[in-house]
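K.L.:
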Amino acid sequence: MEGKTSFRFHYCDDDINQHLRLTKNYRNISMATILRDLSKEAHVKFRQINEDISVSKLRYKDRKEETVQVDIVTKTVTVTVLDESKQPLPGVNVVVKGTASGGTTDLSGKLVLDVPDDAILVLSYIGYKTQEIAVGNNTTLTINMELDQAQLQEVVVVGSRNQNRTVLETPVPVDVISVDEIVKDVAQIEVSQILNYVAPSFSSNRQTIADGTDHVDPASLRGLGVDHVLVLINGKRRHNSALVNVNGSVGRGSVGTDLNTIPAAAIKRIEVLRDGAAAQYGSDAIAGVINIVLKDKVDELYFSGTLGETYEGDGENAQFNVNYGFKVGKKGFINLTGQYQHRGRTDRAGEWNGSIFKTSWDGSSPSVYAENFQAGDLSPFDVGKKLTQQEADAINAANAFTNNLTPQEEEALINQNGGRRAFTMKVGQSEAINTSFMMNSSFEIDEDKELYIFGGLNSRRGQATGFYRLPNQNRTLTTVYPNGFLPEINSEIFDGAITGGLRGNIGEWNLDFSNTFGTNSFAYHVTNSLNASRGNSTGTSFNAGGFRFSQNTTNLDFNRYFPDVMEGINVAFGSEYRIDTYEIFAGEEASYRNYGNVNVMDTLADGSPFSNDFNQVNIFYNRPGGSQVFPGFQPDNELKESRSNIAFYSDVELNFTDGLFIDVAARYEDYSDFGNTFNWKAAGRWAIIKPLAIRAAISTGFRAPSLPQRYYNSTSTLFFLNAEGVNVPNEVGTFRNDSRIAKLFGIPNLSNESSINISAGITWQINDNLNFTLDGYGIRIEDRVVLTGSFSSSSSDEIASILNEANAASATFFVNAIDTETKGVDMILTHRTSLAGGTLKSSLAANFTSTEVTDINIPSSLRGAPNQFFNREERNRFEDALPQSKINLTLIYHINKFNITLSNVRFGEIWARTDNVDANGDFIDQKFEAKIITDLSVGYNLTDHINLTIGANNLFDVYPEENRQEFRSNERFIYSRRATQFGFNGGFYFARLNLTL
Numbered sequence: 001m002e003g004k005t006s007f008r009f010h011y012c013d014d015d016i017n018q019h020l021r022l023t024k025n026y027r028n029i030s031m032a033t034i035l036r037d038l039s040k041e042a043h044v045k046f047r048q049i050n051e052d053i054s055v056s057k058l059r060y061k062d063r064k065e066e067t068v069q070v071d072i073v074t075k076t077v078t079v080t081v082l083d084e085s086k087q088p089l090p091g092v093n094v095v096v097k098g099t100a101s102g103g104t105t106d107l108s109g110k111l112v113l114d115v116p117d118d119a120i121l122v123l124s125y126i127g128y129k130t131q132e133i134a135v136g137n138n139t140t141l142t143i144n145m146e147l148d149q150a151q152l153q154e155v156v157v158v159g160s161r162n163q164n165r166t167v168l169e170t171p172v173p174v175d176v177i178s179v180d181e182i183v184k185d186v187a188q189i190e191v192s193q194i195l196n197y198v199a200p201s202f203s204s205n206r207q208t209i210a211d212g213t214d215h216v217d218p219a220s221l222r223g224l225g226v227d228h229v230l231v232l233i234n235g236k237r238r239h240n241s242a243l244v245n246v247n248g249s250v251g252r253g254s255v256g257t258d259l260n261t262i263p264a265a266a267i268k269r270i271e272v273l274r275d276g277a278a279a280q281y282g283s284d285a286i287a288g289v290i291n292i293v294l295k296d297k298v299d300e301l302y303f304s305g306t307l308g309e310t311y312e313g314d315g316e317n318a319q320f321n322v323n324y325g326f327k328v329g330k331k332g333f334i335n336l337t338g339q340y341q342h343r344g345r346t347d348r349a350g351e352w353n354g355s356i357f358k359t360s361w362d363g364s365s366p367s368v369y370a371e372n373f374q375a376g377d378l379s380p381f382d383v384g385k386k387l388t389q390q391e392a393d394a395i396n397a398a399n400a401f402t403n404n405l406t407p408q409e410e411e412a413l414i415n416q417n418g419g420r421r422a423f424t425m426k427v428g429q430s431e432a433i434n435t436s437f438m439m440n441s442s443f444e445i446d447e448d449k450e451l452y453i454f455g456g457l458n459s460r461r462g463q464a465t466g467f468y469r470l471p472n473q474n475r476t477l478t479t480v481y482p483n484g485f486l487p488e489i490n491s492e493i494f495d496g497a498i499t500g501g502l503r504g505n506i507g508e509w510n511l512d513f514s515n516t517f518g519t520n521s522f523a524y525h526v527t528n529s530l531n532a533s534r535g536n537s538t539g540t541s542f543n544a545g546g547f548r549f550s551q552n553t554t555n556l557d558f559n560r561y562f563p564d565v566m567e568g569i570n571v572a573f574g575s576e577y578r579i580d581t582y583e584i585f586a587g588e589e590a591s592y593r594n595y596g597n598v599n600v601m602d603t604l605a606d607g608s609p610f611s612n613d614f615n616q617v618n619i620f621y622n623r624p625g626g627s628q629v630f631p632g633f634q635p636d637n638e639l640k641e642s643r644s645n646i647a648f649y650s651d652v653e654l655n656f657t658d659g660l661f662i663d664v665a666a667r668y669e670d671y672s673d674f675g676n677t678f679n680w681k682a683a684g685r686w687a688i689i690k691p692l693a694i695r696a697a698i699s700t701g702f703r704a705p706s707l708p709q710r711y712y713n714s715t716s717t718l719f720f721l722n723a724e725g726v727n728v729p730n731e732v733g734t735f736r737n738d739s740r741i742a743k744l745f746g747i748p749n750l751s752n753e754s755s756i757n758i759s760a761g762i763t764w765q766i767n768d769n770l771n772f773t774l775d776g777y778g779i780r781i782e783d784r785v786v787l788t789g790s791f792s793s794s795s796s797d798e799i800a801s802i803l804n805e806a807n808a809a810s811a812t813f814f815v816n817a818i819d820t821e822t823k824g825v826d827m828i829l830t831h832r833t834s835l836a837g838g839t840l841k842s843s844l845a846a847n848f849t850s851t852e853v854t855d856i857n858i859p860s861s862l863r864g865a866p867n868q869f870f871n872r873e874e875r876n877r878f879e880d881a882l883p884q885s886k887i888n889l890t891l892i893y894h895i896n897k898f899n900i901t902l903s904n905v906r907f908g909e910i911w912a913r914t915d916n917v918d919a920n921g922d923f924i925d926q927k928f929e930a931k932i933i934t935d936l937s938v939g940y941n942l943t944d945h946i947n948l949t950i951g952a953n954n955l956f957d958v959y960p961e962e963n964r965q966e967f968r969s970n971e972r973f974i975y976s977r978r979a980t981q982f983g984f985n986g987g988f989y990f991a992r993l994n995l996t997l
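Structure representation (structure tokens):
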């Protein structure tokens, strides 16, 4: 009992039986009850003075009279806790002062306890004043909690190394999102989507037809890159994803962090630092920092189950969470979370309105056709030499059926094979099964030291599709798929991390020593596909290989507050050592190899074989090699590369007066492959009058190119929109920045990105229930790393040879290509009041931002090809493919057993731009107007422990504006897949059951 409580026992070894054990479950039982039972079993008596309990042997005559000697009188008391509007307040921590006994209130705000007659109850809850209530002679107590504005502004971990700063006291803007509270009511169930709807400066959307990016949502802050956001877990660096976005999605060419590997049910709160912080936290923190604080609750079991689907009847979502925490010793705990989620696929593609069976041949004479024949996207044949008259006649005869089809005849044939819908792509969110486990724990070593361990595992199996391969295309073998096929990309994603550390005091200093290891891996399996170059011996499923990223980070931090220097000074310093490792592993041979010219007997469009005459002709087909939709990684792509870096940093916060302080931070970092860098930050806050303060910061920053940006290399099938609005496939090789072909093209070596960040704003506590913050910012980044456009072989035989070996027609590279400037404003207004017997919480938050590409750094050798190096579509991704504004109005009303949440999010306008021009020579661009998405949920407490919530995301079934005709690719893409505001799934309704015990 001494090990699990704060009580101290005093006794003589000869007076007690030290081997006696009680078998009764004493969880949440008062100390008085435990001592009563012990007195009976051990024949001892107790006397308690505060936390000291003396134990003495019970005399024989007292035992005979069955007298129990415990100088503590207990009784049962029922406590009901109400908020400022007289509504039940669940989750309030109630402890008997001087003991470890107590608990938390249930959904009805109640808790039943056994307490001594003279007990004093201590009640605490975030946002309310801590109260001490004497029980006295009462058996029931109703306690009204009082708001505490100081506590409403939560102490935050990011943005300041002073462990006592609140949200309004930080010199830079920090959002605090109480995920533990809102996750029970909001429609979103994944971390990236929750943040997208509650944090205006944050943007994340699911991608489609984007290879691996279909399974990982790119996320950004203030419109910057996905690799400009640093993610922390409990203040410790989180590893990045292994995936580099190489397809035409938001974040192309960058590597981010997969937020959805962390179950929302494991999160207590999320802190979003909206300011450059590279001088404090290192590389990647140019746009800001997201710190995820894990739950530390004990003695509470939480379960939730969510079921829902879109208004269209697809995209079904089923998620189940369980969280439980228990005490370890006096102050330690272990909190565990498990999650299972199945996310169904959605499809918003239109019906393909182009040719399906009919070839593109024009009926020219066979000999003329044979001389001029070149492989085209719509041709089933690619002949690499001039044909004989016999061969040409055979080709013409074999295709006479499809070549001479009238539109009506082709439609009849299409209808016989399932109609046009059977030949349509699936454009929407991918299917995924997500399983997660998370742990957070702390173990007391002594009064001022603790050992902490936290981490988790995540497994995700995703399935996405690519472009439909039609039966009249040379990427299809009609002997295998008579009607063509829709290839599938199946991903197996594993993510794991573990952090262990020691935190405590050494003299007057606070010490934190920790080590974090994290890893993320991607494995690709292609199904319902083929290797067209292999002919009829092709398989239909392929192991295409994958990649893995691992990171190990060791930190040693010291911190001390000196109260006697002026109005107080906080000094912090430390060091960090990090090792990153990146691997690529090859797929099976058939997933990547081009088997060359093979004799393949295709069938006619009606499924009948070619004539005997045709079968005697040796026809050669030069078809693309590798698995269709995602060619596998080749042995030449395989690698395992590492780098290390060491950092030293310091941070000093000086309070000149009660209302004026400055914060100065510096960081020196040395990379094994990029050299060293020094960065600094200065920030301050001045309270002009007590409720009104101004704050400002200026800092430099950096980002070292990620290992995937330096070493990723592969060949992919990418589709490019031509002038006719049709997506045309091309095999594009992404080559290492230090490769031979990169040098032949004149691509310079990668170097660090550098930045300067300036921000200024005000914080205004208008009254106890109303807060206002306004912050403006400017961020200039030089030498941003991008993935270039595609370069062909030009006139170089060596380049042509390298491309041929890679089975690629063109090449792209990672390069420090552009400088950008970002400007914007953040505004947040929060209010809390009583209304009609209930409590109303409201918030209005907005972000307005714009990014401009100010310079393009084209190498001298490529200045004749500016569009291939960095075209208008790439500029569009950086400048206006994401909303330039987002406004969020949220109302939460709590009355009796009901909880109602209403949210309106306005996603600002976006643009889609290309290099294509119309008949008048004008660029084919499109503006997508702003849209408002409304979420509504209603929760009801069925019992003290069970809550039922029903609601909808996108209540009014709002969709983005439809693509203009030139962007539709024969009606495949009704909605844009390149420029995204909020996705295009439409309305989604759900029901959720929450159980708390």
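Going by the UniProt record's numbering, the letters in the sequence shown line up with residues 1 to 997, in that order. Ideal Cβ positions, reconstructed from N, Cα and C, are used throughout, including at glycine.
1) Within this structure, are the beta carbons of L121 and V79 separated by less than 8 angstroms?
2) What does a CB cutoff of less than 6 angstroms around P487 pick up in its chain, not counting 5 residues either side in sequence?
3) Would you give the residue range spanned by the beta strand (DSSP E) that K743 belongs to?
4) Nearest to I781 by alpha carbon, out of S796, L89, G761, T820?
5) Does the Cβ-Cβ distance between P635 and T717 come in under 8 angstroms?
6) Pick helix, strand or coil for V368, following the three-state DSSP scheme.
7) How is A219 classed by DSSP in three states: helix, strand or coil?
8) Going residue by residue through the region 787 to 858, where are the continuous alpha helix (DSSP H) segments of at least 4 residues, counting only ones entirely within it?
9) Check whether the region 804 to 822 touches the region 865 to 885, counting contact only when three or more Cβ pairs, one atom from each stretch, lie closer than 8 angstroms.
10) Quick one: grab the DSSP three-state call for T213.
11) Measuring only the C-alpha atoms, how far is A809 from G212?
12) Can you tell me whether DSSP reads Q319 as helix, strand or coil?
13) Checking 8 angstroms against the spacing of the C-beta atoms, do R462 and H215 come in under that value?
14) If we count the other Cβ atoms within 10 Å of its Cβ and call it buried at 16 or more, is R421 buried or exposed?
15) Run through the DSSP bridge pairs and tell me what P116 is partnered with.
16) Using only the alpha-carbon positions, how far apart do residue 998 and R206 sit?
17) Check each candidate in P708, N559, S672 and name the one with the smallest Cα separation from D651.
18) Could you tell me which residues DSSP puts in a beta bridge with T465?
19) DSSP state of L707, grouped into three classes?
20) Anyone know if the C-beta pair for P859 and V785 falls short of 8 angstroms?
21) Among the residues of its own chain, which have a CB less than 6 angstroms from the CB of I662, if the five just before and after it don't count?
22) Is the distance from the Cβ of L107 to the Cβ of V94 below 8 angstroms?
23) Taking E567 as the reference, which of N505, S521, L660, G504 has the closest Cα?
24) R578: which of Y561, A572, N555, N594 sits nearest, CA to CA?
25) Between the alpha carbons of P729 and I747, how many angstroms are there, rounded?
26) Look at A697 and S759 and say whether their C-beta atoms are less than 8 angstroms apart.
27) By the 10 Å Cβ neighbour count, where 16 or more other Cβ atoms means buried, how is N645 classified, buried or exposed?
28) Between the beta-carbon of N543 and the beta-carbon of G587, is there less than 8 angstroms?
29) Could you tell me whether the region 977 to 995 touches the region 186 to 205, using the rule of 3 or more Cβ pairs below 8 angstroms?
30) Is Q390 helix, strand or coil by DSSP?
31) Taking just the CA atoms, how far does G251 sit from A572?
32) Rounded to whole angstroms, what is the Cα-Cα separation between R534 and Y481?
33) Check whether the Cβ atoms of V172 and I194 sit closer than 8 angstroms, and answer yes or no.
34) What does Y893 pair with, by DSSP beta-bridge criteria?
35) Looking at the structure shown, is D925 part of a helix, part of a strand, or coil, going by DSSP?
36) Roughly how many angstroms lie between the CA atoms of G574 and F513, to the nearest whole one?
P.N.:
In this structure, then:
1) The residue labelled residue 121 in the question sits at position 121 within the sequence shown. The residue labelled residue 79 in the question sits at position 79 within the sequence shown. Cβ atoms of L121 and V79: closer than 8 angstroms.
2) The sequence position of residue 487 within the sequence shown is 487, counting from 1. Closer than 6 angstroms at Cβ, skipping near neighbours: G466, N528, S529, Q628, V629.
3) Mapped onto the sequence shown, residue 743 falls at position 743. That residue, K743, is in no beta strand (DSSP E); its alpha helix (DSSP H) goes 740 to 745.
4) Sequence index remark: in the sequence shown, residue 781 carries index 781 (1-based). Ranking the options by Cα distance to I781, first place goes to T820.
5) In the sequence shown, counting from the first residue as 1, residue 635 sits at position 635. In the sequence shown, counting from the first residue as 1, residue 717 sits at position 717. The answer is no: Cβ separation not under 8 angstroms.
6) The residue given as residue 368 occupies position 368 in the sequence shown. Note that V368 has pLDDT 30, beneath the 50 cutoff, so the model's placement of it is unreliable and the number below is only indicative. DSSP places V368 in helix when its eight states are reduced to three.
7) Indexing the sequence shown from 1 puts residue 219 at position 219. Three-state result, A219: strand.
8) 797 to 805
9) yes
10) Residue numbering aside, residue 213 sits at position 213 when the sequence shown is read from its first letter. Looking at T213 - three-state DSSP - the assignment turns out to be helix.
11) Stepping through the sequence shown from its first residue, residue 809 is reached at position 809. Stepping through the sequence shown from its first residue, residue 212 is reached at position 212. When rounded, the distance between both Cα atoms is 22 angstroms.
12) The residue labelled residue 319 in the question sits at position 319 within the sequence shown. Strand, per DSSP.
13) Numbered from 1 along the sequence shown, position 462 holds the residue referred to as residue 462. Numbered from 1 along the sequence shown, position 215 holds the residue referred to as residue 215. Strictly speaking, residue 462 in this sequence is Gly, with Arg absent from that position. Contact flag set, yes.
14) Looking up residue 421 in the sequence shown gives position 421. Under this definition R421 is an exposed residue.
15) If you number the sequence shown from 1, residue 116 lands on position 116. Beta-bridge pairing links P116 to T74.
16) Examination of residue 998 is not possible in this model, given that the chain is present from 1 through 997 alone.
17) Here residue 651 corresponds to residue number 651 of the sequence shown, with the count starting at 1. D651 has its Cα closest to that of N559, out of P708, N559, S672.
18) Start at 1 with the first residue of the sequence shown, and residue 465 comes out as number 465. According to DSSP, T465 bridges with E488.
19) Here the question's residue 707 lines up with position 707 in the sequence shown. In the structure shown, L707 sits in a helix (DSSP, three-state: H, G or I).
20) Translated into positions along the sequence shown, residue 859 becomes position 859. Translated into positions along the sequence shown, residue 785 becomes position 785. Cβ distance not < 8 angstroms, so P859 and V785 don't count as in contact.
21) Position 662 of the sequence shown holds residue 662. So the qualifying residues of the chain are L654, G684.
22) The residue you call residue 107 lines up with position 107 of the sequence shown. The residue you call residue 94 lines up with position 94 of the sequence shown. Going by C-beta atoms, L107 is not nearer than 8 angstroms to V94.
23) By one-based count along the sequence shown, residue 567 stands at place 567. Selected option, being the one with the closest Cα: L660.
24) The residue given as residue 578 occupies position 578 in the sequence shown. The shortest C-alpha separation from R578 is found at N555.
25) Translated into positions along the sequence shown, residue 729 becomes position 729. Translated into positions along the sequence shown, residue 747 becomes position 747. Answer to the nearest angstrom: the Cα atoms are 25 angstroms apart.
26) Position 697 of the sequence shown, counted from the first residue, corresponds to residue 697. Position 759 of the sequence shown, counted from the first residue, corresponds to residue 759. Closer than 8 angstroms, so yes.
27) Mapped onto the sequence shown, residue 645 falls at position 645. Its Cβ being crowded by 16 or more others within 10 Å, N645 is buried.
28) Here residue 543 is taken as the residue at index 543 of the sequence shown, counted from 1. Here residue 587 is taken as the residue at index 587 of the sequence shown, counted from 1. Taking 8 angstroms as the Cβ cut-off, N543 and G587 qualify as a contacting pair.
29) yes
30) As a first step, residue 390 is located in the sequence shown; it is residue number 390 there, counting from the start. Below a pLDDT of 50, predicted positions are generally treated as unreliable, and Q390, at 49, falls in that range; no measurement from the model is reported.
31) Within the sequence shown, numbered from 1, the residue matching residue 572 stands at position 572. Within the sequence shown, numbered from 1, the residue matching residue 251 stands at position 251. Rounded to whole angstroms, A572 to G251 spans 35 angstroms at the Cα level.
32) For the purposes of this step, residue 534 is taken as residue 534 along the sequence shown, with counting starting at 1. For the purposes of this step, residue 481 is taken as residue 481 along the sequence shown, with counting starting at 1. Going by the C-alpha atoms only, they are around 14 angstroms apart.
33) Sequence index remark: in the sequence shown, residue 172 carries index 172 (1-based). Sequence index remark: in the sequence shown, residue 194 carries index 194 (1-based). Cβ atoms of V172 and I194: not closer than 8 angstroms.
34) Taking the sequence shown and counting its residues from 1, one reaches residue 893 at position 893. According to DSSP, which records beta bridges pairwise, Y893 is partnered with L840, I900.
35) Residue numbering aside, residue 925 sits at position 925 when the sequence shown is read from its first letter. D925 falls in the coil class under three-state DSSP.
36) Position 574 of the sequence shown holds residue 574. Position 513 of the sequence shown holds residue 513. So the two alpha carbons sit approximately 10 angstroms from each other.
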